[in-house]
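Quick note, the numbering used here runs 697 ahead of the 1-based positions in the sequence shown. Cβ atoms here follow ideal geometry from the backbone N, Cα and C, with glycine treated the same way. Encoded as structure tokens, the structure appears first; notes follow it.
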Amino acid sequence: MKHLLLGIALILSVSSAADEPKKTKDTKLFCVVSGDEIDKNNLNDQDYSKYKEGKVYFCCGGCKMDFDEDPKKFSTKANFQLVATKQYEQTACPVNSGSIHSEKAKKKLKKVTVNGMEVDLCCPGCLKKYTKSKDKFSLLFSDKAYEKGFDVASQQAKKPSGKTSKK
């Protein structure tokens, strides 16, 4: 009987592990300049620029040059990419810098999804601002919002690397 239960548990764990690679949305990023897809699993082969305390990845050297010329122009998308690559993590509400980690805050917490990424908002008031916003992406990932709600991830999460293009 023990062997039968162990066998079933093994089969279930193998079949659930086999299902994991189907999450293709989780393995793709987009170039902040062109919007072309970048394979998140092959960042070592991608051009990148240092941005804030992380790296922003591009589909080609031309996009890297455009970004390097005027990073401010692409900052909202670059901020999003830093979180998508787990170089930065959410630490507070990006709308008003309210806590999202206390027990009291967790009861009021509202979750929204923007471009496939889940973002926590601290209260119904911030959710209302988000709902009314015509540019939800910028509301959550502009430089101003980024300062309020995101910070460098722990060192263990900072693994992506890549190649730099020569200027």
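{"Asked": "According to DSSP, is E800 helix, strand or coil?", "Found": "helix"}
{"Asked": "Per DSSP, what are the beta-bridge partners of T782 in this structure?", "Found": "DSSP, once it has assigned bridges, lists no residue as partnering T782."}
{"Asked": "Would you report the Cα separation of C819 and N741, rounded to the nearest angstrom?", "Found": "36 Å"}
{"Asked": "Would you kindly report the start and end of the unbroken alpha helix (DSSP H) that includes S835?", "Found": "833 to 838"}
{"Asked": "Count the C-beta pairs between the segment 792 to 803 and the segment 757 to 767 that are closer than 8 Å, then say yes if the count reaches three, no if not.", "Found": "no"}
{"Asked": "Can you tell me whether DSSP reads D767 as helix, strand or coil?", "Found": "coil"}
{"Asked": "Buried or exposed: where does K720 fall if 16 or more other Cβ atoms within 10 Å of its Cβ makes it buried?", "Found": "Confidence in K720 is poor, its pLDDT being 32 and thus under 50, which makes the residue's placement too unreliable to answer from."}
{"Asked": "Three-state secondary structure (DSSP) at D865?", "Found": "There is simply no residue 865 to check, as the chain begins at 698 and stops at 864 in what is shown."}
{"Asked": "Would a C-beta distance cut-off of 8 Å place F847 and Q787 closer than the cut-off?", "Found": "yes"}
{"Asked": "Give the secondary structure of T810 by DSSP, where H, G and I count as helix, E and B as strand, and everything else as coil.", "Found": "strand"}
{"Asked": "Determine the DSSP secondary structure at E750, reduced to helix, strand or coil.", "Found": "coil"}
{"Asked": "Since L824 contacts K845 with CB under 8 Å, what's their CB separation in whole angstroms?", "Found": "Not really, about 16 Å apart at Cβ, beyond 8 Å."}
{"Asked": "Please report the distance separating the alpha-carbon of T810 from that of L836.", "Found": "13 Å"}
{"Asked": "Tell me the residue span of the alpha helix (DSSP H) that contains C823.", "Found": "821 to 829"}
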